[in-house]
Amino acid sequence: MPRAGTVTSNSSVSQAASDEITDSTVITAQTSTGYTVPDQQSTARISAEILDLLLPHRRASDPEVDATPADFPLQLDQLADFITAGDPILFTLPGFPCKSPNLAKVLGHLPDEGERLSLSFLNRLAEEIGKIYEPGAKILICSDGHIFGDLIHVPDDHIDQYSDELAALIEREGLTNLDTFDLRAVLGDLPFDEKRARVHAQYAPTKEELREQVLTDEETAKLYRGITRFLTEDTFGWTGTKSALQRDCRQRAYGVIQRSRAWGDLIAEQHPRSFRLSIHPQKVGVLKFGIRLLEHADMWMTPWHSSVLHRQDGGWELLRSEEAAKAGRLVERNGRPSHYETS
Numbered sequence: 143m144p145r146a147g148t149v150t151s152n153s154s155v156s157q158a159a160s161d162e163i164t165d166s167t168v169i170t171a172q173t174s175t176g177y178t179v180p181d182q183q184s185t186a187r188i189s190a191e192i193l194d195l196l197l198p199h200r201r202a203s204d205p206e207v208d209a210t211p212a213d214f215p216l217q218l219d220q221l222a223d224f225i226t227a228g229d230p231i232l233f234t235l236p237g238f239p240c241k242s243p244n245l246a247k248v249l250g251h252l253p254d255e256g257e258r259l260s261l262s263f264l265n266r267l268a269e270e271i272g273k274i275y276e277p278g279a280k281i282l283i284c285s286d287g288h289i290f291g292d293l294i295h296v297p298d299d300h301i302d303q304y305s306d307e308l309a310a311l312i313e314r315e316g317l318t319n320l321d322t323f324d325l326r327a328v329l330g331d332l333p334f335d336e337k338r339a340r341v342h343a344q345y346a347p348t349k350e351e352l353r354e355q356v357l358t359d360e361e362t363a364k365l366y367r368g369i370t371r372f373l374t375e376d377t378f379g380w381t382g383t384k385s386a387l388q389r390d391c392r393q394r395a396y397g398v399i400q401r402s403r404a405w406g407d408l409i410a411e412q413h414p415r416s417f418r419l420s421i422h423p424q425k426v427g428v429l430k431f432g433i434r435l436l437e438h439a440d441m442w443m444t445p446w447h448s449s450v451l452h453r454q455d456g457g458w459e460l461l462r463s464e465e466a467a468k469a470g471r472l473v474e475r476n477g478r479p480s481h482y483e484t485s
């Protein structure tokens, strides 16, 4: 498997698909842009090739599964819908919310090298799709910081600054296949607390429903445990007991999942025709396709919960900032802390 963040172009498709598909493309229609819409067999081939590009970067909750494009019928259907219409493929990716408030994990509250590398990887991935499918692809970064900022104890002005710098980074780096979307784009000029309350009321599952899922569904239970761990690690200035902190974080974890589900439904309403990516591990066959952004040992780690270490071998690794500081020297970019680098 290639290093996460490195796009590999794989023109082969799964054996099951290639047994049924020929290389000949039958012209069935032409769009207003002059793009020739392929026939059904060629559409299936292109869809499988796009999934072949994504599979090496899959963030899997079932890593023991040797997944092939055929294991993702929902995604194949979504891709085919774009291809038969000759439209650019829209990927939506909830994530890039804000930096962790724990400065033992991150370098500050603004995007740094971790975000730059991750966004560059996503843009290259879209470029590689464009080599397979002429109309190309766009990835919409749906920043979810505002939706649960009160629960993770990050102020809205820090989230605004993070999101604004993320958009500026995309422009500076010329990442033309990426765009951003956040809570500021909906519900007008209402205060964020009111926006959060309205989105929660309209879209979030009840806490009782969620508790039942945590008890009966292993994937939901893993998500709940993972978010509880992050909230515990990210809490600073706690004056109570460790057991009280655990109780507090478990309760907030339910709220974070409720709001995340609500945000996902709002995105689906705003962008009903899209291929849903996720920064959380996912099983084969579900609606969301989990994707890794950078190399890391912990499958839950993200650039906004860590810092980047640039190794001597040229690789990049996500680590807690305090750990990366022990392994390398601090590097600044544009006058701000960016990452660490081994000597």
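The number in the working numbering is simply the position in the sequence shown, starting from 1, with 142 added.
In this text, a Cβ means the ideal position worked out from N, Cα and C, and glycines have one as well.
This one's a predicted model, so the numbers in the text were calculated from it and none came from an experiment.
Euclidean distance between Cα positions of residue i and residue j
i: GLN220; j: LYS273; result: 19 Å
i: LEU293; j: ASP286; result: 12 Å
i: PHE539; j: HIS295; result: This structure leaves residue 539 out entirely; the chain is present only between 143 and 485.
i: ARG371; j: CYS391; result: 8 Å
i: SER160; j: LEU193; result: The pLDDT assigned to SER160 is 37, lower than 50, so where the model puts this residue is not dependable, and the model offers no usable value.
i: ALA212; j: LYS430; result: 15 Å
i: LEU308; j: GLU257; result: 8 Å
i: GLN115; j: LEU329; result: Any answer about residue 115 is impossible in this case: the structure gives the chain only from 143 up to 485.
i: GLN217; j: SER189; result: 9 Å
i: LEU195; j: LYS384; result: 44 Å
i: SER485; j: ASP335; result: 46 Å
i: THR444; j: LEU252; result: 14 Å
i: ARG401; j: GLU465; result: 31 Å
i: VAL428; j: PRO215; result: 9 Å
i: PRO239; j: LEU261; result: 13 Å
i: GLY228; j: GLU483; result: 44 Å
i: GLY316; j: TRP446; result: 21 Å
i: ALA310; j: LEU451; result: 23 Å
i: LYS468; j: ILE433; result: 29 Å
i: LEU111; j: VAL341; result: The shown model of the chain, from 143 to 485, leaves out residue 111, and the question about it has no answer.
i: GLU361; j: GLU351; result: 15 Å
Span of the beta strand (DSSP E) around residue i
i: HIS300; result: Run containing HIS300: none in the beta strand (DSSP E); it sits in the alpha helix (DSSP H), 298 to 314.
i: HIS288; result: Counting along the chain, HIS288 falls outside any beta strand (DSSP E), though it belongs to the alpha helix (DSSP H) covering 287 to 294.
i: VAL473; result: 471 to 475
Neighbourhood of residue i by C-beta distance below 8 Å, restricted to the same chain and skipping five residues each side
i: ARG462; result: ALA246, LYS247, SER448 and SER449
i: LYS337; result: HIS288, LEU325, VAL328 and LEU329
i: PRO494; result: The structure shown does not extend to residue 494, since the chain spans only 143 to 485, so no value can be given for it.
i: GLN454; result: THR484 and SER485
i: PRO230; result: PHE224, PRO277, GLY278, ALA279 and LYS280
Contacting residues, own chain, Cβ-Cβ under 7 Å from residue i (five flanking each side not counted)
i: ASP407; result: TYR345
i: TYR366; result: VAL356, ALA395 and ILE399
i: PRO479; result: LEU249, GLY250, ASP254 and LEU472
i: ILE281; result: PHE233, LEU235, LEU264, ALA268, ASN319 and LEU320
i: SER166; result: Because the pLDDT at SER166 is just 34, under 50, the model does not fix this residue reliably, and the point stays unresolved.
i: LYS364; result: SER203
Beta-ladder partner(s) of residue i, from DSSP
i: ILE334; result: It should be pointed out that residue 334 corresponds to Phe in this sequence rather than to Ile. Per DSSP, none; premise fails for PHE334.
i: THR458; result: The sequence given here places Trp at residue 458; Thr does not occur at that position. According to DSSP, TRP458 bridges with HIS452.
i: HIS481; result: VAL473
i: LEU282; result: THR234 and ASP321
i: SER427; result: For the sequence presented, residue 427 should be read as Gly rather than Ser. Answer is none; GLY427 lacks a bridge partner.
i: ILE433; result: ARG200
Residue i - DSSP class collapsed to helix/strand/coil
i: ILE495; result: Lying before the first or after the last residue shown, residue 495 is absent from the chain, which here runs from 143 to 485.
i: THR370; result: helix
i: ASP321; result: strand
i: ARG200; result: strand
i: HIS447; result: helix
i: ALA346; result: coil
i: PHE378; result: coil
i: VAL179; result: strand
i: ALA467; result: helix
i: ALA339; result: helix
i: ALA246; result: coil
i: VAL328; result: coil
i: ARG415; result: coil
i: LEU357; result: helix
i: LYS364; result: helix
Start and end residues, alpha helix (DSSP H) containing residue i
i: GLY256; result: 255 to 274
i: GLU206; result: Segment: none, GLU206 is in no alpha helix (DSSP H) and carries neither H nor E.
i: ARG403; result: 384 to 412
i: LEU232; result: It is not in any alpha helix (DSSP H) - LEU232 instead sits in the beta strand (DSSP E) that spans 231 to 237.
i: PRO215; result: 215 to 227
Cβ neighbours of residue i in the same chain (closer than 6 Å, five flanking residues each side left out)
i: GLU276; result: TYR177
i: ILE301; result: CYS240, GLY287, HIS288 and GLY291
i: GLY470; result: LEU451, TYR482, GLU483 and THR484
Closer than 8 Å to chain C by CB, residue i
i: SER203; result: Note that chain C does not occur in the displayed structure, where there is just one protein chain.
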